[in-house]
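Quick notes on the structure that follows.
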Amino acid sequence: MQFTEEHDLFRTAVREMLIKTVQPHYDEWEERGQFPGHELFPEFAKLGLLGLEYDTAYGGEGADHWFTVIACEEFGRLPGNGIPMAYNVQANMATPSLHEHGSDELRRQYLAPAIAGEQICSIAVTEPDAGSDVAGIRTRAVRDGGDWLISGAKTYITNGVQADWLCLLVRTSDEGGYRGMSQVVVPTDAPGLTVSRSLKKLGNWCSDTAELTFDRVRVPVNNTIGEVGRGFQQ
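According to the numbering used here, the sequence shown is numbered sequentially starting from 958.
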């Protein structure tokens, strides 16, 4: 693979933006324990960083994968891993499944604002008793008419303190193991959803990490990403 002139121009633009908007404030944000996501992500969006390979219909760039590689290389030049972690959760972890499998309505309501940097999102999988073993998750969504009622807890959720919505992995049936799990978009202002703790870490302090509690949180079944019961496979 040879980078094109367009790739090189993009690399220069990303590097200059990070030098201007991130590096001068990094130590301050580390001391504060949180970066200003709703101020910073719109700056990332100006360069298309939050939707590089996504469909232009939702504000994405429709770019090739090498633009993502370049972006990650440039974020890796920063003096710490907190901002790169927060960026990658937004751009490369919380939104890909929604882009690939979500309904048009869900993508317009949640994906497009995330690509524009108007909303912060997070992927919520890890639980107090289920980390690397995703098959062990217990947070459950029970059908109630046209809604899900969600109860349980998640922990070590990057961007969880500032997030406007979650890509949440929950159990939606009694099938064991990796079966019977679904991905659901959950707005963080839904009644019953609370940030029970902002977790303190050994490093990467400016990347906020949350413990979340769900107490019969009600969201529409239509907020399910893709097929019910296929959340792990997606």
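All C-beta atoms in this analysis are idealised placements derived from N, C-alpha and C, irrespective of residue type, glycine included.
Predicted model, so just to flag it, every value in this text is computed and none were measured.
Contact set for residue i: own chain, Cβ-Cβ below 8 Å, skip 5 residues either direction
{"i": "Leu1035", "result": "Leu975, Val979, Gln980, Tyr983, Pro1041"}
{"i": "Asp1104", "result": "Arg1175, Val1176, Pro1177, Val1178"}
{"i": "Ala1020", "result": "Gly1005, Leu1009, Glu1010"}
{"i": "Ala1147", "result": "Val1174, Arg1175, Val1176"}
Residue i and residue j closer than 7 Å at C-beta
{"i": "Pro1085", "j": "Ala1110", "result": "yes"}
{"i": "Pro1134", "j": "Ala1092", "result": "Note that residue 1134 corresponds to Gly in the displayed sequence, not to Pro. It is a contact, given that the beta carbons lie within the stated cut-off."}
{"i": "Gln1140", "j": "Ile1094", "result": "no"}
{"i": "Val1046", "j": "Thr1096", "result": "no"}
{"i": "Leu1156", "j": "Thr1166", "result": "yes"}
{"i": "Val1152", "j": "Val1118", "result": "yes"}
Per DSSP, the bridge partner or partners of residue i
{"i": "Pro1177", "result": "Asp1104"}
{"i": "Pro1144", "result": "Trp1122"}
{"i": "Asn1182", "result": "The sequence given here places Ile at residue 1182; Asn does not occur at that position. For Ile1182, which the question treats as bridged, DSSP gives the partners Gln1140."}
{"i": "Gly1096", "result": "Checking the sequence shown, residue 1096 turns out to be Thr, not Gly. According to DSSP, which records beta bridges pairwise, Thr1096 is partnered with nothing at all."}
{"i": "Ile1080", "result": "Cys1124"}
{"i": "Lys910", "result": "Nothing in the structure corresponds to residue 910, since the chain is present only between 958 and 1191."}
Neighbourhood of residue i by C-beta, 6 Å cutoff - its chain only, sequence neighbours within 5 removed
{"i": "Gly1005", "result": "Glu1018"}
{"i": "Ala1043", "result": "Asn1116, Ser1164"}
{"i": "Gly1039", "result": "Asn1161, Cys1163, Ser1164"}
{"i": "Asn1180", "result": "Val1141, Val1142"}
Cβ neighbours of residue i in the same chain (closer than 7 Å, five flanking residues each side left out)
{"i": "Phe1205", "result": "Beyond the ends of the chain as shown, which are 958 and 1191, falls residue 1205; an answer cannot be given."}
{"i": "Met1050", "result": "Ile1080"}
{"i": "Ala970", "result": "Leu1004"}
Coarse secondary structure for residue i, derived from DSSP in three states
{"i": "Gly967", "result": "The amino acid at residue 967 is misidentified as Gly; the sequence shows Phe. In the structure shown, Phe967 sits in a helix (DSSP, three-state: H, G or I)."}
{"i": "Arg1128", "result": "strand"}
{"i": "Tyr1044", "result": "helix"}
{"i": "Arg972", "result": "helix"}
{"i": "Ser1153", "result": "strand"}
{"i": "Ala1073", "result": "coil"}
Measuring CB atoms only, is the region 1024–1031 touching the region 1067–1081, in the sense that at least three cross pairs come out at less than 8 Å? no
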